[in-house]
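These notes concern the structure reproduced below.
There are 2 protein chains.
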Amino acid sequence: HFILEENMLEVDCPCVTPEVVLKASGHVDKFTDLMVKDEKTGTCYRADHLLKDYCTEKLEKDLTISAEKAAEFKDVLAVMEDYSPEELGAKIKEYGITAPDTKNPLSDPYPFNLMFQTSIGPSGLIPGYMRPETAQGIFVNFKDLYYYNGRKLPFAAAQIGQAFRNEISPRQGLLRVREFTLAEIEHFVDPENKSHPKFSDVSKLEFLMFPREEQMSGQSAKKLCLGEAVAKGTVNNETLGYFIGRVYLFLTRLGIDKERLRFRQHLANEMAHYAADCWDAEIESSYGWIECVGIADRSAYDLRAHSEKSGVALVAEEKYAEPKEVEKLVINPVKKELGLAFKGTQKNVVESLEAMNEKEAMEMKATLESKGEVEFYVCTLGKNVSIKKNMVSISKEKKKEHQRVFTPSVIEPSFGIGRIIYCLYEHCFSTRPSKAGDEQLNVFRFPPLVAPIKCTVFPLVQNQQFEEATKVISKELTSVGISHKIDITGTSIGKRYARTDELGVPFAITVDSDTSVTIRERDSKDQVRVSLKEAASVVSSVAEGKMTWQDVWASFPHHSSAAADEQE
Amino acid sequence: HFILEENMLEVDCPCVTPEVVLKASGHVDKFTDLMVKDEKTGTCYRADHLLKDYCTEKLEKDLTISAEKAAEFKDVLAVMEDYSPEELGAKIKEYGITAPDTKNPLSDPYPFNLMFQTSIGPSGLIPGYMRPETAQGIFVNFKDLYYYNGRKLPFAAAQIGQAFRNEISPRQGLLRVREFTLAEIEHFVDPENKSHPKFSDVSKLEFLMFPREEQMSGQSAKKLCLGEAVAKGTVNNETLGYFIGRVYLFLTRLGIDKERLRFRQHLANEMAHYAADCWDAEIESSYGWIECVGIADRSAYDLRAHSEKSGVALVAEEKYAEPKEVEKLVINPVKKELGLAFKGTQKNVVESLEAMNEKEAMEMKATLESKGEVEFYVCTLGKNVSIKKNMVSISKEKKKEHQRVFTPSVIEPSFGIGRIIYCLYEHCFSTRPSKAGDEQLNVFRFPPLVAPIKCTVFPLVQNQQFEEATKVISKELTSVGISHKIDITGTSIGKRYARTDELGVPFAITVDSDTSVTIRERDSKDQVRVSLKEAASVVSSVAEGKMTWQDVWASFPHHSSAAADEQE
Numbered sequence: 002h003f004i005l006e007e008n009m010l011e012v013d014c015p016c017v018t019p020e021v022v023l024k025a026s027g028h029v030d031k032f033t034d035l036m037v038k039d040e041k042t043g044t045c046y047r048a049d050h051l052l053k054d055y056c057t058e059k060l061e062k063d064l065t066i067s068a069e070k071a072a073e074f075k076d077v078l079a080v081m082e083d084y085s086p087e088e089l090g091a092k093i094k095e096y097g098i099t100a101p102d103t104k105n106p107l108s109d110p111y112p113f114n115l116m117f118q119t120s121i122g123p124s125g126l127i128p129g130y131m132r133p134e135t136a137q138g139i140f141v142n143f144k145d146l147y148y149y150n151g152r153k154l155p156f157a158a159a160q161i162g163q164a165f166r167n168e169i170s171p172r173q174g175l176l177r178v179r180e181f182t183l184a185e186i187e188h189f190v191d192p193e194n195k196s197h198p199k200f201s202d203v204s205k206l207e208f209l210m211f212p213r214e215e216q217m218s219g220q221s222a223k224k225l226c227l228g229e230a231v232a233k234g235t236v237n238n239e240t241l242g243y244f245i246g247r248v249y250l251f252l253t254r255l256g257i258d259k260e261r262l263r264f265r266q267h268l269a270n271e272m273a274h275y276a277a278d279c280w281d282a283e284i285e286s287s288y289g290w291i292e293c294v295g296i297a298d299r300s301a302y303d304l305r306a307h308s309e310k311s312g313v314a315l316v317a318e319e320k321y322a323e324p325k326e327v328e329k330l331v332i333n334p335v336k337k338e339l340g341l342a343f344k345g346t347q348k349n350v351v352e353s354l355e356a357m358n359e360k361e362a363m364e365m366k367a368t369l370e371s372k373g374e375v376e377f378y379v380c381t382l383g384k385n386v387s388i389k390k391n392m393v394s395i396s397k398e399k400k401k402e403h404q405r406v407f408t409p410s411v412i413e414p415s416f417g418i419g420r421i422i423y424c425l426y427e428h429c430f431s432t433r434p435s436k437a438g439d440e441q442l443n444v445f446r447f448p449p450l451v452a453p454i455k456c457t458v459f460p461l462v463q464n465q466q467f468e469e470a471t472k473v474i475s476k477e478l479t480s481v482g483i484s485h486k487i488d489i490t491g492t493s494i495g496k497r498y499a500r501t502d503e504l505g506v507p508f509a510i511t512v513d514s515d516t517s518v519t520i521r522e523r524d525s526k527d528q529v530r531v532s533l534k535e536a537a538s539v540v541s542s543v544a545e546g547k548m549t550w551q552d553v554w555a556s557f558p559h560h561s562s563a564a565a566d567e568q569e
Numbered sequence: 002h003f004i005l006e007e008n009m010l011e012v013d014c015p016c017v018t019p020e021v022v023l024k025a026s027g028h029v030d031k032f033t034d035l036m037v038k039d040e041k042t043g044t045c046y047r048a049d050h051l052l053k054d055y056c057t058e059k060l061e062k063d064l065t066i067s068a069e070k071a072a073e074f075k076d077v078l079a080v081m082e083d084y085s086p087e088e089l090g091a092k093i094k095e096y097g098i099t100a101p102d103t104k105n106p107l108s109d110p111y112p113f114n115l116m117f118q119t120s121i122g123p124s125g126l127i128p129g130y131m132r133p134e135t136a137q138g139i140f141v142n143f144k145d146l147y148y149y150n151g152r153k154l155p156f157a158a159a160q161i162g163q164a165f166r167n168e169i170s171p172r173q174g175l176l177r178v179r180e181f182t183l184a185e186i187e188h189f190v191d192p193e194n195k196s197h198p199k200f201s202d203v204s205k206l207e208f209l210m211f212p213r214e215e216q217m218s219g220q221s222a223k224k225l226c227l228g229e230a231v232a233k234g235t236v237n238n239e240t241l242g243y244f245i246g247r248v249y250l251f252l253t254r255l256g257i258d259k260e261r262l263r264f265r266q267h268l269a270n271e272m273a274h275y276a277a278d279c280w281d282a283e284i285e286s287s288y289g290w291i292e293c294v295g296i297a298d299r300s301a302y303d304l305r306a307h308s309e310k311s312g313v314a315l316v317a318e319e320k321y322a323e324p325k326e327v328e329k330l331v332i333n334p335v336k337k338e339l340g341l342a343f344k345g346t347q348k349n350v351v352e353s354l355e356a357m358n359e360k361e362a363m364e365m366k367a368t369l370e371s372k373g374e375v376e377f378y379v380c381t382l383g384k385n386v387s388i389k390k391n392m393v394s395i396s397k398e399k400k401k402e403h404q405r406v407f408t409p410s411v412i413e414p415s416f417g418i419g420r421i422i423y424c425l426y427e428h429c430f431s432t433r434p435s436k437a438g439d440e441q442l443n444v445f446r447f448p449p450l451v452a453p454i455k456c457t458v459f460p461l462v463q464n465q466q467f468e469e470a471t472k473v474i475s476k477e478l479t480s481v482g483i484s485h486k487i488d489i490t491g492t493s494i495g496k497r498y499a500r501t502d503e504l505g506v507p508f509a510i511t512v513d514s515d516t517s518v519t520i521r522e523r524d525s526k527d528q529v530r531v532s533l534k535e536a537a538s539v540v541s542s543v544a545e546g547k548m549t550w551q552d553v554w555a556s557f558p559h560h561s562s563a564a565a566d567e568q569e
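Below is the structure:
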């Protein structure tokens, strides 16, 4: 659905990652959760979880709280993601929150890094971490990937593999675990052109979207047309919109219920400062709306961070058809004068002058020319200094350029595979009454595409003739790559159907002759008669999506419902 | 090839493994290599590598050594795997081996555990390791897997994933790395019946085998018939033989040259004490014969080890059709008498008595009856004690048993995927002269099955009509799941063919009209003409093995060699 469709490069990077890579990406310093400890037992808890649980419980169960207090708890829930350790600690103290298991007092919150640490090689001196995401492996290999792609943009690289997060308190069943399968796509694109040639393939799609404004104003998600959402600027750009559409098609094709799937835009406080826009595909489950896919425009942040740390330029070029004459800003600090004026802090002043953008520099030039002096803020000193006319020369020069060199933006769809599969189990689970009406039978309505077992084969009764025919069919199913299960128990055929319905097997072949068989479809319970020879290829065609069950139903004689009744 | 063919269960266990699991498996205590340190710089080396390099270099390059000395070096190379740390250290001292980089003296050898260690959870108190193999995850889940398989033997579970080994000195390019992809099959079987119903499918295969005896007597590998090797007992049992045959078919189907593939039996000193038999599929590469797949009968060792540590029985049952009357050995130590005689060591004596097998017990019974007393070795005390007739009663009792309970044996094919792929690159690499004969062109002759890119599409010249047709073909290739690459550069078609030959792409579609195209096969360079509409489905049929290139060659008009010449 993704790799072949976009001709993506596939990579497989190691899980054990040297510290320098994760230092550059910011994970060593910032990939933390705030933790509190039970002061007597030492048991650890996530500070925000305790505060969240406290406020939620008060709101849901305490009927005595005032409207004012309720509003306060709601406000805390809304803004707590932005709390500093001190603010979080103050709230925990204020509400008198204690350790849930022992009621002991809690320590102040402190940051706990979520990466599993290890040491690489025999010396014990090279620290490493288990990767917390797969993306960094793609970023550090950007130079080679760009080369493999013939030095052309846009292109994407994709990776699927394990990611590791040493969660303080795993919870919510299989949704928050310490090791999980991530699939990530890093689509590199010219920041000046984020259009997408295939956007029209998805622009007509309509599905539940939940933009920032609707969340802030207390509305709920609503059906929007993707093309309009991009046109109105609700979604930042076409490429981001294209991937949102492709993710929608992917999830619904797997079997996710489109009424329980929404795309929620990150609020300003959720989003990294460098991100241009970010949407989560959220799937509703018994645990609430679960973030299963994140689709973010991360701008040029990641490639720049690795470039800065490694000194290796991670850039792309656009060759001009004709050389272009461009005006270039030239800032020449006069080091002698600056040294006399600022002595030990000269270096800070020089760096700040050189870092000015065109607008700032041209304003300074104008002020210096009119007044001979200007107040200038040096951020690394945290104060203003006075710059005089003889301390810096600012000019614009004309140059011929043959190409534009730039750091690509990256648009990243990132899939939590385990979470998607968990939600798929919930969405595909259903019950129906047994024939006698005395019990509810469980059915997993997995689409054939994702059902782990595609087909079961039942000899109707235990005899050699049927078992031989079963073997023939099994061999053919194997040769066409169809996973299947054989049930040769003497149990009634109805019970055997119920058993594989519960496993989510979409098709069952019942062998009741050595020349022809019945094929039953799980959801409709419809049955057709097919010759022994064709059985495997019919199942494989439907399982692989080359034909639908409707096609099969139209092409083969139906198994009479009387006979079917007899069996079930 | 494996999973569907044997209806194996598929599992995906975590990489981060709690210490207790790897304590039970023996890895915490024994998964070590002997390491020496440069005494001045602290640089670490594998002790056996240094000794091996020293002996090999002496044998290969030092023409002055005596025949006696040469024999000694050869002997050291043959037996060094069995050396204790002390013996290895003594040899290093004797030969005056120093650190290769600095010539500094070396420390004594000491064991270094090859597992990457980490800590699980926020407390820092739960040690864990990155799994050094995937197998243990299957063993600890045996109980559930057996249940999923309907409590029937034999069955197999398979897993593919990352394994981690903190090698002291990674070497040999990509062959010895610290993180790699392992694929392991654990086939559980009744130890009393290791026959295999499908053995006849592989018994006629003949390929290079290198049994223990041939290695010990200095012969080389020779072609043996697998069925005969099992019948003669060279290979321990049918199931082991079946998997050897299946591995042979797998590797050759991937494109491994059968003349550079051999199955080498482990020597007695290479094999774990519990293993019944073990064969390595070794592939010859520029680094020599490389172990790529290990196929071992590990008996019941692994399941027993986890049972003992966890106290959970990992067993299978065989229900008898009729209850069986069996004679059961009953050993009843008389604790009162033993307590009087042995006081504090009574427990050791009781355990040793109870642990006797039938033969030992019946011999003791006979001696006690004839002599009234017997000398009995208690291994946990390390000495003999005197057992008198009143201290133990030994008898045989008849019981009715309804089932037999036993620990299954496990037969384990274990695949180093990276090593296989590396060898595949070497075996598929070839060169051929360019048309003009002035250069050697590189070709990767990957079989279509494994070629990462199946097809390239070239518009013959750059024009809109051909580019549109190229897009149509590309879309169809995507819809049938065929990975492909489009080369729209204006380069000559011959150069474009050479470029994709070097990438190992088996088929190239050249678009030179908007109704029909040519398809060229990489190895023969033969070309056929196919209608635009059929192109994708023809390529997909050959790439997926549904038809051969010979079939295509027989069914479609050949592209005249004159025209082909013109192009190349």
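If you're matching them up, the sequences are chains A and B in order. Residues in the first sequence are numbered consecutively from 2, following this note's numbering. Residues in the second sequence are numbered consecutively from 2, following this note's numbering. Backbone N, C-alpha and C fix where the C-beta goes; we use that ideal spot for every residue, glycine too. Here the structure is a predicted model, which means the values were calculated and not measured.
Cutoff 6 Å; reference residue i; Cβ partners in own chain excluding five residues on either side
i, result
"residue 279 (chain B)", "267, 272, 297"
"residue 281 (chain B)", "265, 292, 295"
"residue 222 (chain A)", "209, 211, 263"
"residue 507 (chain A)", "449, 452, 523"
Residue i burial status per 10 Å Cβ neighbour count (16 or more: buried)
i, result
"residue 463 (chain A)", "exposed"
"residue 358 (chain B)", "exposed"
"residue 83 (chain B)", "exposed"
"residue 2 (chain B)", "exposed"
"residue 516 (chain A)", "exposed"
"residue 572 (chain B)", "Chain B is shown only over 2 to 569; residue 572 (chain B) falls outside these bounds and no answer can be derived."
Extent of the continuous beta strand (DSSP E) to which residue i belongs
i, result
"residue 406 (chain B)", "393-407"
"residue 481 (chain B)", "Run containing residue 481 (chain B): none; DSSP gives neither H nor E here."
"residue 570 (chain A)", "Because chain A is modelled from 2 through 569, residue 570 (chain A) falls outside the range shown and cannot be assessed."
Simplified DSSP state of residue i, which is helix, strand or coil
i, result
"residue 331 (chain A)", "strand"
"residue 293 (chain A)", "strand"
"residue 2 (chain A)", "coil"
"residue 559 (chain B)", "strand"
"residue 521 (chain B)", "strand"
"residue 422 (chain B)", "helix"
"residue 299 (chain B)", "coil"
8 Å CB neighbourhood of residue i in its chain, flanking five on each side removed
i, result
"residue 338 (chain B)", "389, 391, 392"
"residue 64 (chain A)", "none"
Own chain, CB closer than 7 Å to residue i, minus 5 neighbours either side, in chain order
i, result
"residue 34 (chain B)", "47, 113, 115, 169"
"residue 355 (chain B)", "332, 334"
Range covered by the alpha helix (DSSP H) that runs through residue i
i, result
"residue 216 (chain A)", "213-217"
"residue 277 (chain B)", "Counting along the chain, residue 277 (chain B) falls outside any alpha helix (DSSP H), and DSSP gives it neither H nor E."
Output, in sequence order along the chain, the residues in the segment 172-202 of chain A whose CB is closer than 7 Å to any CB in chain B. 179, 180
At a CB distance below 8 Å, what residues from the segment 109-128 of chain A approach chain B? Give them in sequence order. 113, 117, 118, 119, 120, 121, 122, 123, 124
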